[in-house]
Amino acid sequence: MSDPYPTTEANATRAPKTATKSLLDRILALVRREPEDREGIKAVLEAAHDRDLLDVESYGMIKGALAVSERTVADIMVPRSRMDLLDVSLPLPQQLAFIIDAAHSRFPVYEDDRDNIIGILLAKDLLRGMLDPNMELRSLIRPAVFIPEAKRLNVLLREFRASHNHLAIVIDEHGGISGLVTMEDVLEQIVGDIEDEFDEEDEQSIFPEGENQWRLMATTEISHFNEAFATDLPDDEYDSVGGWLGGQLGRIPRRGDSASHGDMMIEVIRADARRALWLRAKRVPGPDANSTADAASPAL
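UniProt numbering numbers the first residue of the sequence shown as 1 and each following residue consecutively.
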């Protein structure tokens with residue numbers, strides 16, 4: 001995914017306001033509706049969808065925007081136990097290895113104790129700072145934003161846009177760290193509904209990429225995978241290929257992780273903080289029918 005911290009040219013030519021009103025602006029306008037109007041909007045939306053007046057993408061986007069206005073941060077946050085935190089006291093080589101392995105663009109930074117978050121580090125700031133031999137990590141740390149679990153996602157989305165901040169630390173009612181949430185997490189609640197609608201329209205989840213190589217959705221059912229590739233992935237504990245892969249790794253899969261079963265090697269090519277999204281399957285020669293897993297290795 002692209003870095004949600006775009007730069008803009010100060011002298012860029014601006015189009016008329018009516019032409020530049022973004023899709024996100026229209027979504028935000030929708031989720032600002034008062035609660036008493038929401039059921040009416042839903043009824044109109046469903047009627048328009050049933051009559052084929054809305055395409056799948058538009059229907060999913062509006063449906064997702066309405067859902068966002070009803071959810072809170074606690075519903076989607078990455079829990080504290082899964083947060084990738086950067087220790088400010090680590091030597092620079094270890095910090096770089098950690099950043100590359102985690103493959104995030106932003107990291108909460110702590111000192112002494114994981115509950116003592118002192119700010120946020122952007123990976124690109126660290127890379128730029130490395131050009132300075134006297135660079136100190138503390139000088140690159142940006143202030144952290146703390147929000148309550150009960151904050152509604154539509155409110156958070158507006159705050160993210162207004163502040164140009166895209167990561168917030170979530171605190172519980174006692175003031176302790178309970179997780180984190182990003183702008184991408186909020187937007188995925190909208191986009192996810194679009195993907196769900198497309199899934200209903202198109203059952204295909206495995207796509208050929210070349211000889212003995214395929215791209216597949218992590219939600220592909222194991223039974224479908226086994227039928228397509230004449231394999232025998234076990235389906236007694238997991239329903240999806242992504243779930244099986246996470247079981248082999250013993251944790252949430254990250255981009256670059258892989259696992260093998262028989263002559264099939266399955267690699268994560270896209271993931272977020274909570275799950276694998278897209279996988280690549282390759283048929284490779286080898287007599288070993290046992291399942292093995294390999295964590296992603298940092299590549300400089």
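Every residue, glycine too, gets a C-beta built ideally from N, C-alpha and C.
Once you ignore the five residues that flank residue i on each side, which residues in its own chain have a CB closer than 6 Å to its CB?
i, result
"alanine 74", "Glu149"
"tryptophan 214", "Ile206, Pro208 and Ala281"
"tyrosine 110", "Leu85, Asn116 and Ile117"
"tryptophan 278", "Ile269 and Arg270"
"serine 58", "none"
Look at the Cβ atom of residue i, then the Cβ atom of residue j, and state whether they are nearer than 8 Å.
i, j, result
"leucine 122", "arginine 138", "no"
"leucine 153", "valine 68", "yes"
"arginine 254", "alanine 281", "no"
"isoleucine 120", "proline 108", "yes"
"valine 268", "leucine 245", "yes"
"glutamate 221", "aspartate 239", "yes"
"threonine 231", "methionine 264", "yes"
"valine 241", "phenylalanine 225", "yes"
"arginine 80", "isoleucine 177", "yes"
"lysine 63", "leucine 45", "yes"
Comparing C-alpha positions only, which one of the options sits nearest to residue i?
i, options, result
"lysine 124", "Lys151, Gln95 and Arg80", "Gln95"
"serine 260", "Val78, Val284 and Phe98", "Val284"
"leucine 86", "Met135, Asn226, Met265 and Ile118", "Ile118"
"serine 223", "Ser205, Asn212 and Glu209", "Ser205"
"valine 78", "Gln213, Ala97 and Glu184", "Glu184"
"isoleucine 190", "Leu54, Pro91, Ala65 and Glu227", "Ala65"
"arginine 114", "His164, Arg82 and Arg51", "Arg82"
"alanine 131", "Arg51, Leu92 and Pro143", "Residue 131 is actually leucine in this sequence, not alanine. Of the candidates Arg51, Leu92 and Pro143, the one whose C-alpha sits nearest the C-alpha of leucine 131 is Leu92."
"histidine 104", "Asp50, Pro143, His166 and Glu159", "His166"
"glutamate 243", "Gly256, Arg274 and Gly262", "Checking the sequence shown, residue 243 turns out to be glycine, not glutamate. Closest by alpha carbon: Arg274."
"alanine 144", "Glu188, Thr219 and Val170", "Val170"
Would you list the residues sitting across from residue i in a DSSP beta bridge?
i, result
"residue 349", "Not covered by the structure: residue 349. The range shown for the chain is 1 to 300."
"leucine 127", "Partner(s): none; leucine 127 has no beta bridge."
"alanine 168", "Val181"
"glycine 152", "First, the residue type needs correcting, since residue 152 is arginine and not glycine in the sequence shown. According to DSSP, which records beta bridges pairwise, arginine 152 is partnered with Thr72."
Counting only the same chain and skipping the five closest in sequence on each side, list residues whose C-beta sits under 8 Å from that of residue i.
i, result
"leucine 156", "Val73, Ile147, Ala168, Val181 and Val186"
"lysine 151", "Thr72 and Val73"
"leucine 126", "Gln95, Leu96, Ile99, Leu137 and Leu140"
"alanine 48", "Leu54 and Tyr59"
"glutamate 173", "Pro148 and Glu149"
Who are the Cβ neighbours of residue i in its own chain at under 7 Å, not counting the five residues just before and after it?
i, result
"methionine 217", "Ser205 and Trp278"
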